[in-house]
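In UniProt numbering, the protein residues as written are 1 to 197.
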């Protein structure tokens with residue numbers, strides 16, 4: 001009797017870990033439930049108890065990506081919480097770092113091929129946006145912006161960071177250029193908001 005490397009309690013996590021590795025190493029087209037099952041040493045039907053189809057696997061990867069990115073941004077922001085501009089810069093750098101390490105996952109996270117993403121993916125994405133909004137709320141509390149500007153500035157920050165990250169992930173610009181772009185944007189954001197008060 002052959003030894004199975006995974007038990008039922010950790011198969012889902014193991015499949016997601018392996019799926020992320022395949023996505024990182026070989027791209028989205030290489031992802032299949034059957035191949036993941038083979039690599040995990042389980043029957044080809046075993047993954048279907050966690051992911052009914054490939055789309056469900058991709059949704060789970062996107063959800064996991066949003067949650068991980070959100071956590072990285074939160075950790076980075078906490079380290080620099082005493083200076084608002086540095087907090088934004090740290091959060092943006094964490095986002096950019098994620099894009100450098102996980103370009104295919106970032107693409108998957110923002111590649112909505114359906115009108116309505118599943119609730120878990122939408123919730124994870126909303127959590128990320130709420131974190132970005134919270135960073136701007138902290139700026140209001142610090143006197144950097146008027147409260148009336150938070151929604152607009154949150155969208156501006158999110159679009160700028162996502163845009164720079166996409167450019168880096170697609171190798172249109174280098175990571176250093178992305179960092180410089182984000183630094184310039186945050187400096188303009190902070191100085192422009194301060195001038196407008």
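Glycine included, C-beta positions come from ideal geometry on N, C-alpha and C.
Between residue 67 and residue 31, the beta carbon gap of about 19 Å keeps them out of contact (Cβ cut-off 8 Å). Within the region 95-171, the runs of alpha helix (DSSP H) at least 4 residues long that lie entirely inside it are, in chain order, 103-110, 119-141, 150-169.
Between residue 147 and residue 183, the alpha-carbon positions lie close to 23 Å from each other. The beta carbon of residue 142 lies closer than 7 Å to those of 84 in the same chain, with the five residues before and after it left out. Membership of residue 12 in the alpha helix (DSSP H) is indicated by the continuous run 11-26. Contact between residue 158 and residue 178 does not hold, since their C-beta atoms are separated by about 15 Å, which reaches or exceeds 8 Å.
In this structure, DSSP gives residue 93 a helical state, which the three-state scheme calls helix. Going by DSSP, residue 66 is part of the alpha helix (DSSP H) stretching over 54-79. In terms of Cα proximity to residue 80, the closest of 15, 135, 187 is 135.
Between the region 115-132 and the region 36-54 there are fewer than three inter-stretch CB-CB distances shorter than 8 Å, so the stretches are not counted as touching. From the listed residues 60, 109, 28, 82, the smallest Cα separation to residue 120 is found for 60. For the pair residue 95 and residue 71, the Cα-to-Cα distance works out to about 10 Å.
Non-local C-beta neighbours of residue 173 in its own chain, meaning closer than 6 Å and more than five positions away in sequence, comprise 167, ordered along the chain.
Beta-carbon to beta-carbon, residue 100 and residue 175 are separated by about 5 Å, close enough to satisfy the 8 Å threshold.
Taking 7 Å as the cut-off, the Cβ atoms of residue 109 and residue 65 count as close.
Between residue 169 and residue 106, the gap from beta carbon to beta carbon is short of 7 Å. In terms of Cβ geometry, residue 145 and residue 153 form a close pair [threshold 7 Å]. Taking 7 Å as the cut-off, the Cβ atoms of residue 77 and residue 91 count as close. By the 16-neighbour rule on beta-carbons within 10 angstroms, residue 89 is buried.
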